[in-house]
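Chains A and B supply the protein sequences, listed in that same order. Mapping of the first sequence onto the UniProt record's numbering: residues 1 to 109, in sequence order. Mapping of the second sequence onto the UniProt record's numbering: residues 1 to 336, in sequence order.
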Amino acid sequence: MNITIDVQEQAQQTTINLAGEIDAYTAPKLRETAFPYTEKQGADIVIDLSGVTYMDSTGLGVFVGLFKSLNANNGTLKLTGLSDRLKRLFDITGLADIMNINSGSEGGV
Amino acid sequence: MNFRDTMLDEYKEILKTYINDQTEQALYMSQKFSRKSIEFKISPEEMISLHKTSIMELEPELPESLLLSLDILLEVMMSYGLAYREHQSLRTIQRELINEIEVAASMQQTLLGTQIPNIPSMDIGAISVPAKQMSGDYYHFVSHENGAISVAIADIIGKGIPAALCMSMIKYSMDSMPEDSQAPGDVLERLNRVVEQNVDPTMFITMFSGLYNPETHMFSYSSAGHEPGFFYHAETGEFEELQAKGLLLGVDKKAKYNEYDRKVEVGDVILLMSDGVTECRTEDGFLEVDTLIGYIEKYIHLGSQEIANKVYKELEYLQDFQLRDDFTLIILKRTI
């Protein structure tokens, strides 16, 4: 039950690479790490989920929170590298319709 | 006699035994002594003072410097003593908190209690088991004046006490819905506005809302990002996923929720569940939908409550009796 969060800040874009499991135990860590980046005006954030093996609804809540915070600050959020299982989670919750999501296998939708 | 009264003699005895012949027995005795000291809240600095007194009596010839060094050791241990007492008082507070949470959890049960409606044509069963003390899953039934029944199953994202408080809000909003807005899509749209305005912005809710009309036997439903349920067609013996598109509650206040209908024939079964059921983790990964369907199929001939209980038992066994997520399963079976 662990997560690794690797943040790479470039001039225009912040890339966050996640690996491991996002659940009730690890979600707070992700929220704390990622949230400050969403509060900058016009932030452009890409979160790569290729290394994520499991995510539950608590994890999903974190992404909705980041998404809302970015929207409020005119930022953009893009999620990449979603496994089929993760993609399903975003589909069911209707989030795939409002978020920018690229699943890993298809390389872009 | 109190331990405090005898401790000096006991300690001296242990010390003497060990100084004389370094036996395992003396080490064992000192471990026992140490546990007893903790029980009687003897602080580390008291222990050192005890040691000093004992050794002075046993070995009067000891060099002065060694005895003096014990004074320094005693001073140094003072902070440890304080930290230990702080730890003790925190443990007391922690025990009190645990009690409070237990009270809150049982209050949650009472507050959120819902009556399974009793209608002639529908056999209804429900089971909801929290992974921790407070559940983030919630289900609710409402019996309407015209005989129709509403069913809702929800998962509050963000667990624990905030989720439980949020649930009460949902329950009371649902109970106070006007009789003329029973349509599942309307219910979700109203709740979405309530949640969007009132709830902590990092908290979201998935909900499946359904309405069964016992006169027409139509089941209409909408979903706000909730795990799709299943519909079992008795005639063909097939399971169909109750697909419905709709956004989580609390993300966008303008969200619209489409409504879908199914005609429920005699023997047909509607199964609603939380993601604790479908995201159930097993030793070799995740529960596959086919496996879940398999369990349901195995018990589909039983009464609704029994199906729910048996499926829960199977999945509990699969997870080695360690629920990682709250588990809720509702079964509606048309009987006549």
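We put the beta carbon where it would ideally sit given N, CA and C, even for glycine.
To which residues of the same chain is residue i closer than 6 Å at the C-beta, ignoring the five residues directly before and after it?
i	result
Ser168(B)	Leu111
residue 338(B)	With chain B running from 1 to 336 in the structure shown, residue 338(B) is simply not present.
Phe208(B)	Ile153, Ser223, His226, Leu272
Ser30(B)	Ile14
Lys254(B)	none
Thr4(A)	Ala19, Gly20
Ser299(B)	The question names Ser, but residue 299(B) is Tyr in the sequence shown. Around Tyr299(B): Ile307, Lys310.
Ala26(B)	Ile14, Thr17, Tyr18
Ser304(B)	Asp123, Ile124, Gly125, Ile331, Lys333
Based on the DSSP output, what are the partners of residue i in its beta bridges?
i	result
Gln12(A)	Paired residues: none, contrary to the question.
Tyr54(A)	Glu21(A)
His140(B)	Ala152(B)
Ile331(B)	Gly125(B), Leu271(B)
Met207(B)	Ala154(B), Ala224(B)
Thr4(A)	Ala19(A)
Tyr260(B)	Tyr221(B)
Leu249(B)	Ile205(B)
Ile119(B)	Met122(B)
Report yes if the C-beta distance between residue i and residue j is below 8 Å; otherwise report no.
i	j	result
Ser43(B)	Leu15(B)	no
Val7(A)	Arg31(A)	no
Asn213(B)	Ala148(B)	yes
Gln182(B)	His144(B)	yes
Thr328(B)	Ser128(B)	yes
Thr38(A)	Leu66(A)	yes
Ala19(A)	Gly51(A)	yes
Gly113(B)	Gly94(A)	no
Asp268(B)	His233(B)	yes
Gly250(B)	Val195(B)	yes
Leu242(B)	Pro228(B)	yes
Val311(B)	Ile296(B)	yes
Glu45(B)	Met77(B)	yes
Ser57(A)	Asp252(B)	no
Tyr221(B)	Pro184(B)	yes
Phe40(B)	Arg85(B)	no
Asn73(A)	Lys40(A)	yes
Asp186(B)	Val142(B)	no
Which same chain residues end up closer than 8 Å to residue i when comparing Cβ atoms and leaving out the 5 residues on each side of it in sequence?
i	result
Ile336(B)	Pro120, Ser121, Val266
Leu248(B)	Ile157, Phe204, Ile205, Thr206, Ala224, Gly225
Leu62(B)	Ile55, Met56
Glu259(B)	Ala183, Pro184, Gly185, Ser220, Tyr221, Ser222
Quick check on residue i: does DSSP put it in helix, strand or coil?
i	result
Gly65(A)	helix
Gly59(A)	helix
Met47(B)	helix
Ala72(A)	helix
Gly81(A)	strand
Ala43(A)	coil
Leu271(B)	strand
Ser69(B)	helix
Tyr212(B)	strand
His233(B)	strand
Leu165(B)	helix
Ile101(B)	helix
Ala224(B)	strand
Asn100(A)	strand
Ile293(B)	helix
Asp325(B)	coil
Glu240(B)	strand
Leu74(B)	helix
Ile336(B)	coil
Asp48(A)	strand
Ile14(B)	helix
Ile42(B)	coil
Ile170(B)	helix
Ile307(B)	helix
Ile93(B)	helix
Val266(B)	coil
Asn146(B)	coil
Glu61(B)	coil
Ala26(B)	helix
Asp91(A)	helix
Excluding five sequence neighbours on each side, which residues of the same chain lie with their C-beta closer than 7 Å to the C-beta of residue i?
i	result
Arg262(B)	Phe219, Phe231
Tyr11(B)	Phe33, Leu50, Ser54
Leu89(A)	Met55, Leu60
Gln13(A)	Asp44, Val46
Lys171(B)	Leu112, His140
I want to check one thing, is the minimum distance from the CB of residue i to the heavy atoms of the ligand NAD below 7 Å?
i	result
Ser168(B)	Although the ligand NAD was asked about, the structure shown includes no ligands whatsoever.
Subject >> Cβ pair count under 8 Å reaching 3, the stretch 25 to 36 of chain B against the stretch 90 to 105 of chain A >> reply: Because the criterion of three Cβ pairs below 8 Å is not met, the stretch 25 to 36 of chain B and the stretch 90 to 105 of chain A do not touch.
Original post:
Three or more C-beta pairs closer than 8 Å, one from the stretch 70 to 80 of chain A and one from the stretch 39 to 47 of chain A: is that the case here?
Top reply: Pairwise C-beta distances place the stretch 70 to 80 of chain A in contact with the stretch 39 to 47 of chain A, as three or more of them are shorter than 8 Å.
**OP:** Return the residues of the stretch 60 to 72 of chain A that lie within a Cβ-Cβ distance of less than 7 Å from chain E, sorted by chain order.
**Re:** Looking for chain E here will not work: the only protein chains present are A and B.
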